[in-house]
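Trainee: Numbering (full-length UniProt numbering), first residue to last: 1 to 126.
(1) Leaving out five residues before and five after residue 21 in sequence, what residues of the same chain have Cβ atoms less than 7 Å from its Cβ?
(2) DSSP has residue 108 in a bridge; who is on the other side?
(3) To the nearest whole angstrom, what separates the beta carbons of residue 116 and residue 61, a pair I think is in contact under 8 Å?
(4) Quick check on residue 84: does DSSP put it in helix, strand or coil?
(5) Using 8 Å for Cβ pairs, my map puts residue 55 next to residue 2. What's the rounded Cβ distance?
(6) Going by DSSP in three states, residue 9 sits in which element: helix, strand or coil?
(7) How many angstroms separate the CA atom of residue 53 from the CA atom of residue 72?
(8) DSSP three-state label for residue 91, please.
(9) Using the Cβ count rule (16 or more neighbours within 10 Å means buried), how would you classify residue 32?
(10) Would you report the Cα separation of residue 8 and residue 120, rounded to the nearest angstrom?
(11) Starting from residue 46, trace the beta strand (DSSP E) both ways and give me its first and last residue.
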């Protein structure tokens with residue numbers, strides 16, 4: 001499906017462009033709050049709209065409104081997944097990649113319930 005994307009980066013990733021939703025290292029849970037961690041320790045406060053547990057991994061379901069610092073942002077690049085939404089997933093193990101972001105870029109083509117059903121099929125290995 002061209003509206004379903006998975007991405008992730010390493011903690012030391014650099015790019016000659018602005019970051020976006022799939023530039024995801026992992027989520028952090030600090031002081032009862034969740035953060036979308038990007039490269040070079042940049043973190044964005046996130047308020048998930050829902051949480052799921054799949055294969056013993058917590059999945060944060062997020063929307064464009066989940067990104068607190070960007071709620072009133074007028075113009076400029078944004079990190080949030082926009083009107084359609086996505087998921088933030090930490091992955092087990094000690095590998096270089098610590099997490100993945102999953103983006104549903106068109107809820108009309110891929111309804112949220114179907115998106116979440118796809119997420120329930122994920123299996124995590126170490």
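Just so you know, even glycine gets a beta-carbon here, dropped at the ideal spot from N, CA and C.
Mentor: Taking the geometry as given:
(1) For residue 21, where only same-chain residues beyond five positions count, the Cβ hits under 7 Å are 79, 80, 81, 86, 101 and 103.
(2) Paired residues: none, contrary to the question.
(3) Yes, residue 116 and residue 61 are in contact; Cβ-Cβ is about 7 Å, under 8 Å.
(4) In the structure shown, residue 84 sits in coil (DSSP, three-state: anything other than H, G, I, E or B).
(5) In this structure residue 55 does not touch residue 2 by the C-beta definition: roughly 26 Å separates them, more than the 8 Å allowed.
(6) Correct three-state label for residue 9: coil.
(7) Each residue's alpha carbon lies about 30 Å from the other.
(8) Residue 91 falls in the coil class under three-state DSSP.
(9) Residue 32 should be labelled exposed.
(10) Distance between the alpha carbons of residue 8 and residue 120: 19 Å.
(11) Where residue 46 is concerned, the enclosing beta strand (DSSP E) stretches over 43–46.
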